[in-house]
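With numbering that gives the first Met the number 0 as the guide, the letters of the sequence shown map in order to residues 0 to 136.
The beta-carbon is built from N, C-alpha and C at its ideal position, and this holds for glycine as well.
This one's a predicted model, so the numbers in the text were calculated from it and none came from an experiment.
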Amino acid sequence: MSTILRTLRNLRRVGIKDFGHQMQNIGDTKAGTLIGVDRFGNKYFENMEEELPLRTRWVDYKVSEFDASQIEPGWHAWISYMVDSPPHADKILQTGLRAWELPEHRPNLTQSRAAFKTYSTVRPKYSAWTPVAAPRN
Numbered sequence: 000m001s002t003i004l005r006t007l008r009n010l011r012r013v014g015i016k017d018f019g020h021q022m023q024n025i026g027d028t029k030a031g032t033l034i035g036v037d038r039f040g041n042k043y044f045e046n047m048e049e050e051l052p053l054r055t056r057w058v059d060y061k062v063s064e065f066d067a068s069q070i071e072p073g074w075h076a077w078i079s080y081m082v083d084s085p086p087h088a089d090k091i092l093q094t095g096l097r098a099w100e101l102p103e104h105r106p107n108l109t110q111s112r113a114a115f116k117t118y119s120t121v122r123p124k125y126s127a128w129t130p131v132a133a134p135r136n
């Protein structure tokens with residue numbers, strides 16, 4: 000959470016449109032330099048002067064209902080502070096699309112109706128007991 004002065008300063012820096020977008024999506028205002036954009040349209044920012052340590056990098060997702068699986072592996076390494084340089088500046092991460100990687104994004108379906116559910120094809124060893132009550136006279 001930021002102070003009122005920091006919020007007003009960031010409002011002046013990013014503008015009213017981005018201010019409203021940030022308050023709607025992340026609930027805080029942040030101003031920083033644009034580091035890059037990935038192929039999904041997510042924007043990655045960094046601010047080394049004003050932010051707290053390990054909170055200097057953040058992502059602005061393209062869609063409002065975002066999921067952490069929408070970050071590419073190279074950008075995930077950068078935003079998690081595993082590497083110092085972003086993927087477009089690192090020679091190892093500039094491999095592009097790999098042969099095993101899907102060209103379009105498939106979201107993580109865990110905890111949704113479309114999640115994978117196992118089922119058994121084996122007949123159960125036990126059957127449920129159904130009580131039978133004698134009719135009353």
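- Put simply, the region 36-43 touches the region 66-75. At least three CB pairs are less than 8 Å apart.
- Residue nearest to D27 within the set R135, L33, L7 is L7 (criterion: CA-CA distance).
- With a beta-carbon spacing of about 6 Å, S63 and N24 fall inside the 8 Å limit used to define contacts.
- A distance below 7 Å between beta-carbons, with the five flanking residues on each side excluded, links R12 to the following residues of its chain, in chain order: A30.
- For W77, the enclosing alpha helix (DSSP H) covers residues 72-78.
- Closest option to T109, judged by alpha-carbon separation, among A76, P134, D66: D66.
- By the criterion of a C-beta distance shorter than 8 Å, W74 is surrounded in its chain by G35, D37, N41, Y43, V58, P85, P86, once the five residues flanking it on both sides are discounted.
- In the three-state reduction of the DSSP assignment, K116 falls in the coil class, being assigned neither a helical nor a strand state.
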